[in-house]
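Taking this note's numbering, the leading residue of the sequence shown gets 92, the next gets one more, and so forth.
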Amino acid sequence: MKELSFISPESSLGEDINCLTLTSHYFLENQIDPKKDALIKNLSFFEGIPIQYMDQVHGNNIELVTTHNSEPIKSTDAIFTSKKGLALAALTADCMPIVLSKMDGSEFSIIHAGWKSLFSGIIEKSISSFATDGLEISAWIGPSISCRNYEVDNVFYDKFITKDKDSESNFLKKDSAKWLFSLQGEAERILKKYAIHTQKTMMCTYESELLYSFRKEQTQDRLVTIIWRSE
Numbered sequence: 092m093k094e095l096s097f098i099s100p101e102s103s104l105g106e107d108i109n110c111l112t113l114t115s116h117y118f119l120e121n122q123i124d125p126k127k128d129a130l131i132k133n134l135s136f137f138e139g140i141p142i143q144y145m146d147q148v149h150g151n152n153i154e155l156v157t158t159h160n161s162e163p164i165k166s167t168d169a170i171f172t173s174k175k176g177l178a179l180a181a182l183t184a185d186c187m188p189i190v191l192s193k194m195d196g197s198e199f200s201i202i203h204a205g206w207k208s209l210f211s212g213i214i215e216k217s218i219s220s221f222a223t224d225g226l227e228i229s230a231w232i233g234p235s236i237s238c239r240n241y242e243v244d245n246v247f248y249d250k251f252i253t254k255d256k257d258s259e260s261n262f263l264k265k266d267s268a269k270w271l272f273s274l275q276g277e278a279e280r281i282l283k284k285y286a287i288h289t290q291k292t293m294m295c296t297y298e299s300e301l302l303y304s305f306r307k308e309q310t311q312d313r314l315v316t317i318i319w320r321s322e
């Protein structure tokens with residue numbers, strides 16, 4: 092596979108909005124340790140722009156960011172801002188980085204979304220942070236584990252279907268006790284309910300050598316996805 096330093100949406104999410112996921116090749120060529128704690132310490136700026144991290148806990152807490160803090164925002168899985176010159180970041184290694192932006196670029200956010208955050212409504216809460224309806228918001232779902240590599244059990248299946256029967260469209264039955272679940276499909280389904288134009292990457296963290304997978308390797312290495320508005 093071509094050694095890509097970053098992955099980004101095919102088209103811009105909003106006016107002056109930039110968004111990308113840094114790959115393992117980026118960390119290698121820039122001699123940056125990709126382990127979570129090292130990343131937060133050693134990748135504090137990107138192209139001169141300060142990066143705001145989160146202390147991700149697989150919950151549904153969202154925080155407004157108005158100024159940069161060198162420390163990760165505690166117990167948070169989504170952050171939101173209207174400020175220029177500030178990059179919002181999510182660390183992932185199978186979970187989804189999801190970025191949202193108003194098409195005029197005036198507001199944007201980033202979400203760290205695993206199944207727990209999805210189930211607890213983090214996407215819906217993040218959308219409600221914007222001072223507009225979904226028709227004026229665009230989204231990108233970054234690289235995550237694919238359906239074919241994400242096996243779950245009947246309890247997991249029942250939990251989602253009980254909450255929303257339409258979730259069933261993102262499950263494939265594997266055998267009597269196992270299912271395959273599409274994180275990206277479920278996220279896209281929710282976003283489309285709000286009429287949000289959504290792009291996504293089809294790269295799988297479990298399969299790609301450029302990406303990191305906790306499920307595959309129990310790694311502490313993390314990808315970094317960032318979104319910011321140019322000055």
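Where a beta carbon is used, it is the ideal one built from N, C-alpha and C, also for glycine. Predicted, not measured: the structure shown is a model, and the values here were computed from it.
**Message:** In the DSSP output, what is residue 243 paired with across the bridge?
**Reply:** Beta-bridge pairing links residue 243 to 270.
**Request:** Locate the alpha helix (DSSP H) running through residue 193, then write down its first and last residues.
**Result:** First-last for residue 193: 187 to 193, but that is the beta strand (DSSP E), not the alpha helix (DSSP H).
**Whole-angstrom C-beta distance between residue 267 and residue 238, which should lie under 8 angstroms** = Between residue 238 and residue 267, the beta carbon gap of about 19 angstroms keeps them out of contact (Cβ cut-off 8 angstroms).
**Prompt:** To which residues of the same chain is residue 296 closer than 7 angstroms at the C-beta, ignoring the five residues directly before and after it?
**Reply:** Once the five neighbours on either side are set aside, the close Cβ partners of residue 296 are 184, 185, 234, 235, 236, 302, 303 and 304.
**Request:** Look at the alpha carbon of residue 284 and the alpha carbon of residue 278, and state the distance between them as a whole number of angstroms.
**Result:** For residue 284 and residue 278, the distance between alpha carbons rounds to 10 angstroms.
**Request:** Under 6 angstroms Cβ to Cβ from residue 256, same chain only, skipping five residues before and after it: list those, please.
**Result:** Counting only Cβ-Cβ distances below 6 angstroms, and skipping sequence neighbours, we find nothing.
**Message:** By alpha-carbon positions, which one of 264, 196 and 307 ends up nearest to residue 109?
**Reply:** Minimum Cα distance to residue 109 is reached at 196.
**In chain order, each alpha helix (DSSP H) run of at least 4 residues that lies wholly inside the region 103 to 150** = With a minimum length of 4 residues, the continuous alpha helix (DSSP H) runs that stay inside the region 103 to 150 are 115 to 120 and 127 to 133.
**Request:** Using the Cα positions of residue 151 and residue 107, report the straight-line distance between them to the nearest angstrom.
**Result:** Cα-Cα distance, rounded: 28 angstroms.
**Prompt:** Hey, out of 269, 258, 313 and 226, whose CA is closest to residue 288's CA?
**Reply:** Minimum Cα distance to residue 288 is reached at 226.
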